[in-house]
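Each residue of the sequence shown is one higher than the one before, counting from 674 in this note's numbering.
See below for the structure under consideration.
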Amino acid sequence: MGAEEIPNRPVLLTGASGALGRILARALAARGWSLWLTDRAPFPDPVPAGARFTRADLEDGPMILRLAEGCGTIVHLGGVSVEQPFETVIGPNLRGLYHVYEAARREGARVVFASSNHAVGFRERAEVLDDDCALAPDGFYGLSKAYGELMGRLYRDKHGVESVVLRIGSCFPEPTDARMLATWLSAEDLVRLIARATLASDLGPEGRTVIWATSNNSRMTWWRRDGRDVIGWAPQDSADPFIPHLEDRTTDDRIVERYQGGAFTAIDYSRDGGRS
Ligand code: NAI
Ligand code: 15L
674 MGAEEIPNRP VLLTGASGAL GRILARALAA RGWSLWLTDR APFPDPVPAG ARFTRADLED
734 GPMILRLAEG CGTIVHLGGV SVEQPFETVI GPNLRGLYHV YEAARREGAR VVFASSNHAV
794 GFRERAEVLD DDCALAPDGF YGLSKAYGEL MGRLYRDKHG VESVVLRIGS CFPEPTDARM
854 LATWLSAEDL VRLIARATLA SDLGPEGRTV IWATSNNSRM TWWRRDGRDV IGWAPQDSAD
914 PFIPHLEDRT TDDRIVERYQ GGAFTAIDYS RDGGRS
């Protein structure tokens, strides 16, 4: 991808004040992108040149419609990002997501949706999944991501809204345990992924594509076919240099170690009498 490529319409970035939003705001503004940042929390950094920040709650539908006016892509990162009680998740992740898709529909904008590995968290690590696999959420958070993925399908089928669905593994500065040797996504690979998901001119006949968003990790044996060639993305980093340091960093919890979603699967787990 040429560094000079920029989207022809502004990009609305939700969840801009969060961990990944801050990385993307800085990196994409540095590429010369016109960014409209939003979050319900204040933006903790100086707003980069070429960007503006508006504080807003995703649950405020009219506000989200106003914020999206004239944008070409909504990179949707905002919402609850870890396992939480049902009542905490539904406002941002279900109602808020609906507002994002309504805004995309009105603007003719593409949605780049930050889904999560927790949409398939109860698939076993021994399984190999393709992009069209059956979803298996590992909690209310993962369920909200599965809902988001299906929302994208509905809006594609009914209204022609394009979506790039990113099933993000673990995007942190470094991998920190053995599971992340498989699931880790570097910040740089994330930035390149968001850039391609936004700039790709054609998402193919489906108008919707799903990407397993991890770096090039040799331990990632669970996720296989996806739409990376459709958008022209290939990860360049790898968790492999961390293998000697982290491969023994596992837990003694049989549920955590059995399923792809790791620790989220064990939260409030009560099947067969519990975890032990
Ligand atoms: P984060 O929790 O740091 O950021 C989420 C942001 O959403 C926060 O700044 C929060 O204030 C905002 N937000 C929450 N509810 C809101 C509402 N009602 N209205 C407006 N803003 C609201 O999360 P992070 O790590 O930056 O992740 C970004 C996205 O990527 C999330 O959707 C998360 O589920 C997804 N993801 C992240 C992964 C990771 O490893 N960081 C892995 C898989 C998915
Ligand atoms: C996620 O979906 C979360 O947003 C992030 O905080 C991590 O827990 C990540 O998944 C993971 O599975 O490592």
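Glycine is no exception: its CB is placed at the ideal position from the N, C-alpha and C atoms.
The structure presented is a predicted model; accordingly, all values stated were derived computationally and were not measured.
Hey, residue i and residue j: beta-carbon distance below 7 Å or not?
i	j	result
F786	S836	yes
A886	L854	no
I696	A860	yes
P721	R704	no
W709	L685	yes
S891	P908	no
E780	A741	yes
G812	I940	yes
G880	R931	no
If distances are taken between C-alpha atoms only, which option among the options comes closest to residue i?
i	options	result
L693	V784, E742, G752, A907	G752
R725	T687, P758, E732, G935	T687
F937	P810, F845, G877, V883	P810
V839	Y828, E930, L858, P846	As written in the sequence, residue 839 is Leu, which differs from the Val given in the question. Selected option, being the one with the closest Cα: L858.
N766	D730, R779, E800	D730
Y771	D803, P917, R826	R826
L750	F915, L863, P914, Q933	L863
T894	D733, Q933, I940, P680	Q933
D803	R897, R931, G935	R897
F845	I679, D910, D830	D910
P719	R768, A702, S943, I841	A702
L738	S943, R931, R829, G769	G769
E847	P914, P735, V801, M824	P914
H791	R944, Y942, G935	G935
F784	R927, G946, L823, R728	The residue asked about is misnamed: residue 784 is Val in this sequence, not Phe. Considering only alpha carbons, the answer is L823.
I916	G946, P878, T856	T856
Around the Cβ of residue i, are there at least 16 other Cβ atoms within 10 angstroms (buried) or fewer (exposed)?
i	result
D925	exposed
H832	exposed
M674	Interpretation of M674 is limited by its pLDDT of 46, a score under 50 that renders its predicted location unreliable; the figure taken from the coordinates is listed afterwards. Exposed, by the Cβ-count rule.
E756	buried
S789	buried
V929	buried
V883	buried
S690	buried
P683	buried
A782	buried
D899	buried
A912	buried
H918	exposed
G821	buried
V834	buried
S754	buried
P680	buried
V801	exposed
Quick check: is the beta carbon of residue i nearer than 7 Å to any beta carbon in chain B?
i	result
R865	The chain inventory of the structure shown lacks chain B, comprising one protein chain alone.
Handout entry: the region 806-819 / the region 762-780 touching (three or more Cβ pairs under 8 Å)
Key = Yes, the region 806-819 is in contact with the region 762-780.
Practice task
Indicate whether the contact test is met: 3 or more Cβ pairs, each with one atom in the region 765-779 and one in the region 714-723, closer than 8 Å.
Solution key: The answer is no - the region 714-723 does not touch the region 765-779, with fewer than three Cβ pairs under 8 Å.
Handout entry: Cβ contact check for the region 859-879 and the region 903-918: 3 or more pairs under 8 Å
Key = Counting C-beta pairs closer than 8 Å gives three or more between the region 859-879 and the region 903-918, which meets the contact rule.
Handout entry: Sufficient close CB pairs (3 or more, under 8 Å) joining the region 733-746 to the region 789-804
Key = Proximity of the region 733-746 to the region 789-804 falls short of the contact definition, fewer than three beta-carbon pairs being nearer than 8 Å.
Handout entry: Three-pair Cβ contact test at 8 Å for the region 840-853 versus the region 910-928
Key = Taking one beta carbon from each stretch, the region 840-853 and the region 910-928 have 3 or more pairs nearer than 8 Å; the two touch.
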